[in-house]
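Notes to accompany the following structure.
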Ligand code: ARG
């Protein structure tokens with residue numbers, strides 16, 4: 013038996029709950045990140061088929077996938093990661109930076125309002141949900157630089173009563189934290205150092221000395237926009253180097269094709285919001 017097989021068998025994948033949004037109205041009609049070119053044609057059918065592939069992958073892994081109803085006129089709503097932060101049964105609903113996405117918050121407030129959550133509130137400062145806030149199992153890693161207001165980091169610290177590590181993004185291609193960093197397991201992460209300011213790189217290296225470091229080619233195909241259940245790591249199919257690195261660490265990489273949604277600057281993680289009781 014290969015040593016890495018042993019390691020893979022040791023990794024546990026407890027059942028996860030995710031919230032997704034069908035890309036019924038998916039389109040690129042405006043540009044709020046460098047990936048979005050409204051002149052480039054998109055196909056809602058292809059987007060839907062690829063998204064369905066991701067949905068089926070999560071269900072196939074045994075996870076519970078909930079759905080929020082898409083709203084006409086909100087083409088980016090498929091990126092449910094941005095809708096909220098859900099940790100310890102508490103929900104902080106997003107406040108979007110751009111007017112084109114602002115109405116999405118209403119839909120999330122309503123959806124969470126019908127669930128059994130301890131607290132549901134909307135963020136006071138600009139806060140793009142799990143796009144910029146990632147829970148490690150202990151603390152919350154918080155991104156700023158392009159979308160989320162740095163004051164939102166203090167708000168999140170107070171709201172969840174968890175330590176928050178602030179990180180500054182500097183490369184416009186990686187405008188949300190979840191495009192440059194992914195949490196893999198208990199306090200284990202992978203990231204692309206080039207997306208972060210020098211101080212943030214130091215902070216990451218100190219806190220996560222054993223992190224997997226992605227190269228630029230894997231980051232550029234959104235390889236870090238990945239979702240791990242602690243054992244299986246679903247990531248964009250093009251991130252072949254990362255897949256090898258993950259396997260070496262005992263994870264099971266699962267390639268997913270979401271190239272149509274990448275035209276809007278999103279992939280696996282952007283399409284998935286984790287619901288933590
Ligand atoms: N077009 C969307 C935007 O620019 C993409 C969001 C991607 N979501 C994410 N969690 N990174 O807001």
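Residue numbers (our numbering): 13 to 289. Just so it is clear, CB atoms sit at the ideal spot from N, CA and C, and this is done for glycine as well.
Proximity of the segment 276–284 to the segment 184–199 meets the contact definition, three or more beta-carbon pairs being nearer than 8 Å. For residue 65, the uninterrupted alpha helix (DSSP H) segment begins and ends at 56–72. Per the C-alpha coordinates, the member of 222, 167, 42, 78 positioned closest to residue 110 is 42. Residue 78 has 31 as its beta-bridge partners, per DSSP. The residue among 198, 169, 88, 80 with its C-alpha nearest the C-alpha of residue 243 is 198.
Residue environment analysis places residue 217 among the exposed positions, since fewer than 16 neighbouring C-beta atoms fall within 10 angstroms of its C-beta. Unbroken alpha helix (DSSP H) stretches of 4 residues or longer found wholly inside the segment 228–281: 228–232, 252–260, 271–274, given in chain order. Not one heavy atom of the ligand ARG lies closer than 7 Å to the C-beta of residue 126. The segment 93–100 makes no contact with the segment 46–53, as fewer than three CB pairs between them are under 8 Å. Taking C-beta atoms under 8 Å as the contact rule, residue 155 and residue 106 fail to qualify, at a distance of about 13 Å. Across the structure, residue 32 and residue 121 are spaced so that their CA atoms are roughly 15 Å apart. Between the alpha carbons of residue 226 and residue 263 lies a distance of about 15 Å. With a cut-off of 7 Å, the C-beta of residue 242 is classified as distant from the ligand ARG, since no heavy atom of the ligand falls inside that distance. At the C-beta level, residue 233 and residue 266 stay beyond 8 Å of one another.
Around the beta carbon of residue 87, 16 or more other beta carbons lie within 10 angstroms, which makes this residue buried.
In this structure, the straight-line span from the alpha carbon of residue 116 to that of residue 171 is close to 21 Å. Counting other Cβ atoms within 10 Å of its Cβ, residue 24 stays below 16 and is therefore classed as exposed. If you check the C-beta of residue 191 against the ligand ARG, you find a heavy atom less than 7 Å away. Going by C-alpha positions, residue 288 is about 11 Å away from residue 130. Counting every other CB atom within 10 Å of its CB across the protein chains shown gives residue 278 a total of 16 or more, marking it as buried.
Annotation for residue 224: 202, 257 place their beta carbon closer than 6 Å to its own, counting only its chain and skipping 5 residues before and after.
At a threshold of 7 Å, residue 281 counts as near the ligand ARG, since its beta carbon sits closer than that to one of the ligand's heavy atoms. Residues of the same chain with a CB within less than 6 Å of the CB of residue 82, apart from the 5 flanking positions on each side, are 33, 34, 36, 37, 89 in chain order. Taking 7 Å as the cut-off, the C-beta of residue 224 does not count as close to any heavy atom of the ligand ARG. Straight through space, the alpha carbons of residue 160 and residue 139 are spaced by roughly 5 Å.
Of all alpha-carbon atoms in 181, 167, 182, the one lying nearest the alpha-carbon of residue 175 is that of 167. Within the same chain, 42 come within 6 Å of residue 112 by CB-CB distance, once the 5 residues on both sides are set aside.
Annotation: the segment 74–142 contains the following complete segments of the beta strand (DSSP E) (minimum length 3 residues), in chain order: 76–79, 96–99, 102–105, 131–134. With a cut-off of 7 Å, the C-beta of residue 201 is classified as distant from the ligand ARG, since no heavy atom of the ligand falls inside that distance.
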